[in-house]
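>
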Amino acid sequence: MATVRDTTYDLLRALGMTTVFGNPGSTEEPFLHAFPDDFHYVLALHEASAVGMADGYAQVTGAPAHVNLHTAPGTGNAMGNIVTAWHNRTPLIVTAGQQTREMLLLEPRLTARHPTELPQPYVKWAHEPVRAQDVPAALMRAYATAVQPPTGPVFLSLPLDDWAQPADPPPQARTVATRFAPDPERLRQFAAALATSRSPALVFGAAVDRAGAWEAGVALAERLVAPVWSAPAPERTAFPENHPHFQGVLPFAIGPLADQLRGHDTVLVVGAPVFRYYPHVPGETLLDGARLLHVTDDPEEAARAPIGDSLLGDAGLTLAALTDLMPPTDRSPPPARPVPSAVEDSVPLSADALFAALARHWPADGVLVQESPSNLSALRRRLRFDTPGSYFTMASGGLGYGLPAAVGIALAQRDTGRHRPVVAVIGDGSFHYSVQALWTASRLRLPLVVVVPVNQQYAILKAFAELKQTPGVPGLDLPGIDVTAIARGYGCATRVVDNPDQLGEALATALRADGPTVLPVPIRTDVPPIL
Numbered sequence: 237m238a239t240v241r242d243t244t245y246d247l248l249r250a251l252g253m254t255t256v257f258g259n260p261g262s263t264e265e266p267f268l269h270a271f272p273d274d275f276h277y278v279l280a281l282h283e284a285s286a287v288g289m290a291d292g293y294a295q296v297t298g299a300p301a302h303v304n305l306h307t308a309p310g311t312g313n314a315m316g317n318i319v320t321a322w323h324n325r326t327p328l329i330v331t332a333g334q335q336t337r338e339m340l341l342l343e344p345r346l347t348a349r350h351p352t353e354l355p356q357p358y359v360k361w362a363h364e365p366v367r368a369q370d371v372p373a374a375l376m377r378a379y380a381t382a383v384q385p386p387t388g389p390v391f392l393s394l395p396l397d398d399w400a401q402p403a404d405p406p407p408q409a410r411t412v413a414t415r416f417a418p419d420p421e422r423l424r425q426f427a428a429a430l431a432t433s434r435s436p437a438l439v440f441g442a443a444v445d446r447a448g449a450w451e452a453g454v455a456l457a458e459r460l461v462a463p464v465w466s467a468p469a470p471e472r473t474a475f476p477e478n479h480p481h482f483q484g485v486l487p488f489a490i491g492p493l494a495d496q497l498r499g500h501d502t503v504l505v506v507g508a509p510v511f512r513y514y515p516h517v518p519g520e521t522l523l524d525g526a527r528l529l530h531v532t533d534d535p536e537e538a539a540r541a542p543i544g545d546s547l548l549g550d551a552g553l554t555l556a557a558l559t560d561l562m563p564p565t566d567r568s569p570p571p572a573r574p575v576p577s578a579v580e581d582s583v584p585l586s587a588d589a590l591f592a593a594l595a596r597h598w599p600a601d602g603v604l605v606q607e608s609p610s611n612l613s614a615l616r617r618r619l620r621f622d623t624p625g626s627y628f629t630m631a632s633g634g635l636g637y638g639l640p641a642a643v644g645i646a647l648a649q650r651d652t653g654r655h656r657p658v659v660a661v662i663g664d665g666s667f668h669y670s671v672q673a674l675w676t677a678s679r680l681r682l683p684l685v686v687v688v689p690v691n692q693q694y695a696i697l698k699a700f701a702e703l704k705q706t707p708g709v710p711g712l713d714l715p716g717i718d719v720t721a722i723a724r725g726y727g728c729a730t731r732v733v734d735n736p737d738q739l740g741e742a743l744a745t746a747l748r749a750d751g752p753t754v755l756p757v758p759i760r761t762d763v764p765p766i767l
């Protein structure tokens, strides 16, 4: 007779989910015992790293990833990156072990109390099956929930003694729609507003990249002859950044963002919140009575927008439909984006000099994973991306995502056969949040390159303190950390890079390596402004 475990593994096979990310515990061992040969278990040394790897993997493959956690403590360890997966709109199926059903009333050691409440509100659905026989069907529902827009993580708490129980007939592996088209009448209203606009502006967000809609975005921008900005603090790039219409990334504060869009009477935001802010700099959301139009696949995102009219729909389908409805225009082309000024290569390097050098040596078809908040403005000035799926970071603002995500992204490049080179830029503060991810990269022999700008401080927090006039904050300096020794301890090749010439050589060598390489780069300790 088939067991719950047998039926669940068969369903995972049918759904194409044969890679499991995790850090095993006692409550997961009944599921993991006699692990099937056709499955791949990706071992992380911490649950936050397991979730970050699964997130990166899912974003590249475009399919849900399965991450297996250890009851309440493991879910707690993972919560920071579950929060990020929620904001990243990453489809994850998060399962966690639970104590034996027969003892739950006693709350023995490792019982998850109120397990479905722990990951809330950062999962789309959380469930602990009432019967062991419901586990496979719950997994099917979890899959269907995770992949429907807005995509995101789901959570199942699974008692350890369920796996050996006799199974009901297996649930059908079924498909659900993952895209939906906009309402035709409202679409025509949006098109009319754009067609009659004196000076329209376009703001594109990560959902454009997730939908594979770069070409549709370019087509609309060129039909409207409109400037294009990236939405503030984007987790993915949504438009070719060397295109003559591209104007850069909008600032993530109310007043400065409105100033950037001054003069435009209609602003179309596609695939991003309205707007993602960080420091509070008061002002109007848009100036001079400008009209805002918002396209999103998330009703909650539409509901919380402070201004504007919303249209629910898939970013790619909506962009294509709007383009078809646009008449020709004789509008003048938008101004060219300013060219960044030249940099000095004096040692230690400035952040701008580091990223200018990285741009000169950037690998063809490279993928960047970024978690260096204090250096982000310099990085976005110097590195520009013209290929979809080339830039990943955390939408949540929480640290500890970038390094494990880079491992998952590099693994997905191998598993999908795309083999795009992956380079992570991880600040020396961020580096330590999920540093154990390096061990997994080493064991999997992934040719991942990790560039670590070393300024021995939490410079982003110093910049925030300057903006908010809060001097004397403790704990913002990080002296005495040997990044090289740590990297070697986890099995990585490593080399300190002091100048641009060394960076080019070290990067080329690392991209040819049979395993990960960590490149610490000492940079100046100047604190750049947060805006």
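Residue numbers (this note's numbering): 237 to 767.
By construction, the Cβ of each residue, glycine as well, lies at the ideal position given by its N, Cα and C atoms.
Does the beta-carbon of L346, which I'm using as the reference point, lie nearer than 7 Å to any heavy atom of the ligand NAP?
Among the components of this structure there are no ligands whatsoever, and the ligand NAP is therefore not found.
> How would you write the range of the alpha helix (DSSP H) that P470 sits in, first residue to last?
Premise fails: P470 is in no alpha helix (DSSP H) and is neither H nor E.
> Is L680 closer than 8 Å to Y726 when the C-beta atoms are compared?
No, the pair does not count as a contact, with Cβ atoms beyond the cut-off.
> Quick check on T432: does DSSP put it in helix, strand or coil?
Coil.
> With DSSP as the reference, please indicate the residues paired to H363 in a beta bridge.
Looking at the DSSP assignment, H363 forms a beta bridge with L392.
> Are D664 and I717 touching if we call contact CB-CB under 8 Å?
Yes; because the gap between Cβ atoms is below 8 Å, this pair is in contact.
> Ends of the beta strand (DSSP E) at D246?
Per DSSP, D246 belongs to no beta strand (DSSP E); it is in the alpha helix (DSSP H), V240 to A250.
> Does the distance from the CB of A286 to the CB of G261 come in under 8 Å?
Contact flag unset, no.
> Is it right to say V757 is buried, meaning 16 or more other beta carbons lie within 10 angstroms of its own, or is it exposed?
The residue is buried, with at least 16 neighbouring Cβ atoms inside 10 Å.
> If you scan the region 658-730 from start to end, which runs of the alpha helix (DSSP H) of 4 or more residues do you find wholly inside it?
Entirely contained in the region 658-730, the alpha helix (DSSP H) runs reaching 4 residues are, in chain order, 673-679, 695-704 and 719-725.
> What residue does the alpha helix (DSSP H) around D545 start on, and which one ends it?
Here D545 belongs to no alpha helix (DSSP H); instead the beta strand (DSSP E) covers D545 to L548.
> Here's the rule I'm using: 16 or more other beta-carbon atoms within 10 Å means buried, otherwise exposed. How should E741 be labelled?
Under this definition E741 is an exposed residue.
> Looking at the unbroken beta strand (DSSP E) that takes in F416, where does it start and where does it end?
It is not in any beta strand (DSSP E) - F416 carries neither H nor E in the DSSP assignment.
> Write down the C-beta distance between A442 and A539 rounded to the nearest angstrom, noting that I regard them as a contact closer than 8 Å.
Incorrect: roughly 19 Å between the Cβ atoms, too far for contact.
> In this structure, how does DSSP classify A332 when only helix, strand and coil are distinguished?
In the structure shown, A332 sits in a strand (DSSP, three-state: E or B).
> From the DSSP output, in three-state form, read off T502 for me.
Note: T502 maps to strand in three-state DSSP.
> Flag this pair as yes or no: are the beta carbons of H439 and A467 separated by less than 8 Å?
Note that residue 439 is Val in the sequence shown here, rather than His. Their beta carbons are under 8 Å apart, which means V439 touches A467 by this criterion.
> Are the region 516-527 and the region 536-553 touching by the rule of at least three beta carbon pairs closer than 8 Å?
Because the criterion of three Cβ pairs below 8 Å is met, the region 516-527 and the region 536-553 touch.
> Can you look up E451 in the DSSP assignment and give me helix, strand or coil?
Three-state result, E451: helix.
> Could you please give the first and the last residue of the uninterrupted alpha helix (DSSP H) stretch that includes Q496?
Note, Q496: alpha helix (DSSP H), I490 to Q496.
> State the Cα-Cα distance for the pair S666 and M630, rounded to the nearest angstrom.
Straight-line Cα distance between these residues: approximately 12 Å.
> Would you report the Cα separation of A284 and A308, rounded to the nearest angstrom?
If I take the Cα positions, the gap works out to 13 Å.
> Helix, strand or coil: how does DSSP classify T559 here?
Here T559 sits in helix by DSSP.
> Just reading off the alpha helix (DSSP H) that N735 is part of, what are its end residues?
Counting along the chain, N735 falls outside any alpha helix (DSSP H), and DSSP gives it neither H nor E.
> How would you write the range of the alpha helix (DSSP H) that E265 sits in, first residue to last?
Element bounds for E265: E265 to L268.
> Can R337 and D397 be called in contact, C-beta distance under 8 Å?
In contact: R337 and D397 (Cβ atoms closer than 8 Å).
> In chain order, what residues of the same chain have a beta carbon less than 6 Å from the beta carbon of L561, not counting five sequence neighbours either side?
Cβ within range, chain order: A427.
> Please state whether DSSP places R768 in a helix, a strand or coil.
Residue 768 lies beyond the residue range present for the chain, which begins at 237 and ends at 767; the question has no answer from this structure.
> Do A431 and P570 have their C-beta atoms closer together than 8 Å?
No, the pair does not count as a contact, with Cβ atoms beyond the cut-off.
> Counting along the chain, where does the alpha helix (DSSP H) carrying H773 start and finish?
Given that the chain is displayed from residue 237 to residue 767, the structure contains no residue 773 and the question cannot be resolved.
> When the Cα atoms are used, what is the spatial distance from A474 to E537?
About 18 Å.
> Would you call the region 314-327 and the region 347-360 touching, i.e. three or more CB-CB distances under 8 Å?
Output reads yes: the region 347-360 touches the region 314-327.
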